[in-house]
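> One structure follows; several queries about it will come next.
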Amino acid sequence: MHGYNARSGWSGPALRVLLWQLQSTRGPTATSASNHWTSAALALRFFSSRIILLPSDSLVELRNVRFGYDERAVLQDASLTVPRGKVTALMGASGGGKTTVLRLIGGQYQAQSGEVLFDGRNVGAMGEMRLYATRRRMGVLFQFGALFTDLSVFENVAFPLREHTDLSEALIRDIVLMKLDAVGLRGARDLMPAQVSGGMARRVALARAIALDPELVMYDEPFAGLDPISLGTSARLIRNINDALGMTSVLVSHDLDETFRIADHVVILAEGRVIAQGAPHAVRTSSDPLVHQFVHGDVDGPVPFHYPGPGIEADFGAPS
Ligand SMILES: Nc1ncnc2c1ncn2[C@@H]1O[C@H](COP(=O)(O)OP(=O)(O)OP(=O)(O)O)[C@@H](O)[C@H]1O
Ligand SMILES: [Mg+2]
Numbered sequence: 047m048h049g050y051n052a053r054s055g056w057s058g059p060a061l062r063v064l065l066w067q068l069q070s071t072r073g074p075t076a077t078s079a080s081n082h083w084t085s086a087a088l089a090l091r092f093f094s095s096r097i098i099l100l101p102s103d104s105l106v107e108l109r110n111v112r113f114g115y116d117e118r119a120v121l122q123d124a125s126l127t128v129p130r131g132k133v134t135a136l137m138g139a140s141g142g143g144k145t146t147v148l149r150l151i152g153g154q155y156q157a158q159s160g161e162v163l164f165d166g167r168n169v170g171a172m173g174e175m176r177l178y179a180t181r182r183r184m185g186v187l188f189q190f191g192a193l194f195t196d197l198s199v200f201e202n203v204a205f206p207l208r209e210h211t212d213l214s215e216a217l218i219r220d221i222v223l224m225k226l227d228a229v230g231l232r233g234a235r236d237l238m239p240a241q242v243s244g245g246m247a248r249r250v251a252l253a254r255a256i257a258l259d260p261e262l263v264m265y266d267e268p269f270a271g272l273d274p275i276s277l278g279t280s281a282r283l284i285r286n287i288n289d290a291l292g293m294t295s296v297l298v299s300h301d302l303d304e305t306f307r308i309a310d311h312v313v314i315l316a317e318g319r320v321i322a323q324g325a326p327h328a329v330r331t332s333s334d335p336l337v338h339q340f341v342h343g344d345v346d347g348p349v350p351f352h353y354p355g356p357g358i359e360a361d362f363g364a365p366s
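See below:
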């Protein structure tokens, strides 16, 4: 993405074009004061028109990312984009690296090569302070993220506000109740986590993830273990919250139907790479055998069932 990015500023090529344009508006004979003013006005007009016309349209970008927790690479050469303001579904086989991608975006781990950009800035190259500030712009609903069991529903949602802001108690109360209202649980504020169902707990965790009004919300398996009604409700909630609050969402899910229904953009990870990304319909109708196996949940296909390891002969003593 080249151009002006509201937060990170001008990228190289766009800046060169801007400088070239400024030089050409000035012209070789523009020496009088009025000409200078005209040039300045033109420059200003050019500059402001570019601010409106060229915002970067992806909030997150992975460029040729390689990453492994040990010598085995989980991501080999992964490139993907998360369009601003949209719901992006990240799908792929279990163990394929989806949670890992979220950790890289959140700066928990750094790419071994390639870049992970958040709003145009390389997360892996950020110092501690900037990373901390960047993380405040992200909300995460962790895959097995439990609520704090000794805090009430209210205090769970208040937690990030107390941790990251100096807001007054009255403001914290208003924000917490607004967020709980958004997930339909304002009335459950005084319950303890042990008193709410799994689906409700997931919604409290969602209210907590959006407490700080993040620009990006990452949901890791928000539908796991939900009944079909709660699943549909949660999916609609994710879509509505994304649109109503003007957020960008990344949704990791194995639920093909619901995910394809609410996503604007689908990314499929396999074998350490992104094997497909684009509009849900285009991905769903892909003729690539690997993509086809994922989006149709076929048992038979190129994806192996077994985690890589020693051959069956080595483990069960078959004669060599
Ligand atoms: N902290 C860790 N240390 C070492 N290896 C890890 C760690 N976390 C994940 N892995 C390995 O990295 C690979 C990718 O894991 P990841 O959790 O990203 O997969 P996933 O796509 O989220 O899977 P699932 O759909 O089952 O949640 C797996 O092989 C896993 O064993
Ligand atoms: Mg995972």
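Numbering-wise (the working numbering), the sequence shown opens with residue 47 and increments by one. A virtual CB, placed ideally from N, CA and C, is assigned to each residue, including glycine. None of these values were measured; they are calculated from a predicted model.
Kindly provide the ranges of any alpha helix (DSSP H) runs that are 4 or more residues long and lie completely inside the region 254-315, ordered along the chain.
Complete alpha helix (DSSP H) runs here, min 4: 274-290 and 302-308.
> Note the first and the last residue of the continuous beta strand (DSSP E) segment covering Gln-377.
For the chain, the structure presents residues 47 to 366; residue 377 sits outside this window and is missing.
> State the CB to CB distance for the pair Pro-268 and Leu-187, rounded to an integer number of angstroms; the pair is presumed to be in contact (CB under 8 Å).
The residue you call residue 268 lines up with position 222 of the sequence shown. The residue you call residue 187 lines up with position 141 of the sequence shown. Contact flag correct, Cβ pair sits at about 6 Å.
> At what residues does the alpha helix (DSSP H) containing Leu-336 begin and finish?
The residue given as residue 336 occupies position 290 in the sequence shown. Here the alpha helix (DSSP H) through Leu-336 covers 335-342.
> Taking just the CA atoms, how far does Gly-153 sit from Glu-161?
What you label residue 161 is simply residue 115 of the sequence shown in a count that begins at 1. What you label residue 153 is simply residue 107 of the sequence shown in a count that begins at 1. Roughly 11 Å between the two C-alpha positions.
> Check whether the Cβ atoms of Val-133 and Asp-310 sit closer than 8 Å, and answer yes or no.
Within the sequence shown, residue 133 is the residue found at index 87, counting from 1. Within the sequence shown, residue 310 is the residue found at index 264, counting from 1. Yes, the Cβ-Cβ distance between Val-133 and Asp-310 is below 8 Å.
> Skipping 5 residues on each side, what residues in its chain have a beta carbon closer than 7 Å to that of Met-184?
In the sequence shown, residue 184 corresponds to position 138, counting from 1. Excluding sequence neighbours, Met-184 sits near Gly-152, Pro-260, Leu-262 and Met-264.
> Tell me the DSSP secondary structure of Val-106 in three-state form.
Along the sequence shown, one-based indexing puts residue 106 at 60. Strand, per DSSP.
> Between the region 237-249 and the region 266-284, are three or more C-beta pairs nearer than 8 Å?
Contact between the region 237-249 and the region 266-284 is present, because at least three Cβ pairs lie under 8 Å.
> Tell me whether Pro-239 sits in a helix, a strand or coil according to DSSP, three-state version.
Taking the sequence shown and counting its residues from 1, the one referred to as residue 239 is at position 193. In the structure shown, Pro-239 sits in a helix (DSSP, three-state: H, G or I).
> Would you please state the rounded distance, in angstroms, between the beta carbons of Val-312 and Met-137? I believe it to be under 8 Å.
Indexing the sequence shown from 1 puts residue 312 at position 266. Indexing the sequence shown from 1 puts residue 137 at position 91. Val-312 to Met-137, Cβ: 7 Å. Contact.
> Quick one: what's got a C-beta closer than 6 Å to Gly-114's C-beta in the same chain, skipping five residues either side?
Translated into positions along the sequence shown, residue 114 becomes position 68. Around Gly-114: Val-120.
> What are the start and end residues of the alpha helix (DSSP H) that includes Val-203?
On the sequence shown, residue 203 is found 157 positions in, with the first residue counted as 1. Looking at the DSSP string, the run of the alpha helix (DSSP H) that includes Val-203 is 199-210.
> Which of the three DSSP states, helix, strand or coil, is assigned to Glu-117?
The residue labelled residue 117 in the question sits at position 71 within the sequence shown. If DSSP states are grouped into helix, strand and coil, Glu-117 belongs with coil.
> Over the uninterrupted beta strand (DSSP E) stretch that includes Arg-319, give me the two end residues.
Taking the sequence shown and counting its residues from 1, one reaches residue 319 at position 273. Segment 319-324, the beta strand (DSSP E) holding Arg-319.
> Which partner residues of Gly-138 appear in the DSSP bridge assignment?
Position 92 of the sequence shown holds residue 138. Its beta-bridge partners are Leu-315.
> Under 8 Å, do Leu-108 and Ser-125 count as touching if we go by C-beta distance?
Within the sequence shown, numbered from 1, the residue matching residue 108 stands at position 62. Within the sequence shown, numbered from 1, the residue matching residue 125 stands at position 79. Cβ distance < 8 Å, so Leu-108 and Ser-125 count as in contact.
> In three-state terms, what does DSSP make of Val-162?
Here residue 162 refers to the residue found at position 116 when the sequence shown is read from its first residue. If DSSP states are grouped into helix, strand and coil, Val-162 belongs with the strands.
> Should Asn-202 and Arg-249 be called a contact, given that it needs their Cβ atoms to be closer than 8 Å?
Position 156 of the sequence shown, counting from 1, holds the residue named residue 202. Position 203 of the sequence shown, counting from 1, holds the residue named residue 249. No.
> Give the residues whose C-beta lies closer than 5 Å to at least one heavy atom of ligand 1, in chain order.
The set, ordered by position in the chain, is Tyr-115, Val-120, Ser-140, Gly-141, Gly-142, Gly-143, Lys-144, Thr-145 and Thr-146.
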